[in-house]
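Q: Taking our numbering, the leading residue of the sequence shown gets 122, the next gets one more, and so forth.
Beta carbons are placed, not taken as given, at the ideal position from N, Cα and C, and that holds for glycine.
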Amino acid sequence: MKFIKEKKNHPPALPKEEKAASIRTTRTFFLILTLLLISSGPFAFVKSTQMQSLIRKEQTTLTETIHKELAKKTNTSVTSELYKQFLQPFITAYINIPTEQQAFEKRFNSLQETYFMITLDEEKNTGTERKLLSSDFYNLISENGQLVAQYRIAYEINAPVTKERDVKKKEGNKEVVTKEKYVDYEKIENRVLLNIPFIQ
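1) Beta-carbon within less than 6 Å of F164's beta-carbon, same chain only, minus the 5 sequence neighbours each way: which residues are those?
2) Mark A224 as exposed unless 16 or more other C-beta atoms lie within 10 angstroms of its C-beta, in which case mark it buried.
3) Residue range of the alpha helix (DSSP H) that E234 falls in?
4) Which same chain residues end up closer than 6 Å to E310 when comparing Cβ atoms and leaving out the 5 residues on each side of it in sequence?
5) Taking the DSSP output, what are the residues bridged to K252?
6) What separation, rounded to the nearest whole angstrom, lies between the Cα atoms of V282 and K252?
7) On the three-state DSSP scale, how would you describe K295?
8) Spatial neighbours of E250 within its chain, please: CB distance less than 6 Å, with the 5 preceding and 5 following residues excluded, ordered by chain position.
9) For the alpha helix (DSSP H) holding I216, just list the boundary residues, first then last.
10) At the level of alpha carbons, what is the spacing between K300 and V288?
11) What does the Cβ neighbour count give for L208, buried or exposed, with the cut at 16 atoms within 10 Å?
12) Does DSSP put T247 in a helix, in a strand, or in coil?
13) How would you call F229, buried or exposed, if buried means at least 16 neighbouring beta carbons within 10 angstroms?
14) Please report the straight-line C-alpha distance between V167 and L191, rounded to a whole angstrom.
15) Which same chain residues, not among the five before or five after V313, have their C-beta less than 7 Å away from its C-beta?
16) Determine the contact status of Q267 and N260, defining contact as a CB-CB distance below 8 Å.
17) If you compare alpha carbons, which of T235, I216, I262, L232 is closest to S256?
Okay, structure coming up:
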């Protein structure tokens with residue numbers, strides 16, 4: 122057995138002129154790419170400074186409008202502290218709700234005569250008692266040209282709640298369990314911020 126060697130076909134060698142041309146095009150390509158990258162740096166810097174100046178302008182105009190709005194809100198010049206003397210009895214009369222119908226109607230009439238016009242539909246006696254525990258002046262603000270006094274108040278609500286309980290009754294020799302409804306009172310204590318608009 123004889124082994125025969127096969128000859129491998131090598132790709133034809135490029136002439137030197139073609140090799141030089143391909144090296145030259147690669148160099149020019151990388152040179153152009155480098156020049157573009159170098160020139161894009163100053164262009165990006167100019168664009169960013171323009172954008173920063175635009176942002177600064179917007180921020181200054183926004184700051185000016187905020188200061189103007191705050192100046193409008195804080196320009197609530199109140200000539201005296203008499204409004205507190207007016208509002209404290211109002212809070213006491215408004216928050217305290219008695220359970221008796223006669224006292225409820227008296228409260229309703231005094232609120233209607235002294236402070237504002239309300240209808241009987243808005244105020245109904247539901248048997249819920251509300252007592253004012255404390256009230257403190259918090260802040261005086263101006264909303265849409267009207268003064269608003271803010272008070273921190275704490276009050277307690279005694280609300281009637283209908284509950285059921287099981288009652289054992291003897292009927293003859295048997296014990297019968299029946300459900301019986303009864304009224305119990307729940308105490309709830311709340312703390313809220315009360316806004317009272319008024320005109321001086």
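A: Put simply:
1) Excluding residues up to 5 positions away in sequence, nothing lies with its Cβ nearer than 6 Å to the Cβ of F164 in the same chain.
2) The Cβ neighbour count for A224, taken over all protein chains shown within 10 Å, is under 16; the residue is labelled exposed.
3) Per DSSP, E234 belongs to the alpha helix (DSSP H) from 222–235.
4) Excluding sequence neighbours, E310 sits near E277.
5) K252 is bridged to E277.
6) When rounded, the separation of the alpha-carbon atoms in V282 and K252 is 18 Å.
7) Here K295 sits in strand by DSSP.
8) When the five nearest sequence neighbours on each side are left out, the beta carbons in the same chain lying within less than 6 Å of the beta carbon of E250 are those of T220, N279, in order along the chain.
9) From DSSP, the alpha helix (DSSP H) with I216 extends over 203–216.
10) Spanning the two alpha carbons is a distance of roughly 6 Å.
11) Buried is the call here.
12) In this structure, T247 counts as coil in the three-state DSSP scheme.
13) F229 is buried by the Cβ-count criterion.
14) Rounded to whole angstroms, V167 and L191 show a C-alpha spacing of 36 Å.
15) Within the same chain, Cβ atoms closer than 7 Å to the Cβ of V313 are found at I274, the five residues on either side in sequence being excluded.
16) Their beta carbons are not under 8 Å apart, which means Q267 does not touch N260 by this criterion.
17) Looking only at T235, I216, I262, L232, the smallest Cα-Cα distance to S256 is reached by I216.
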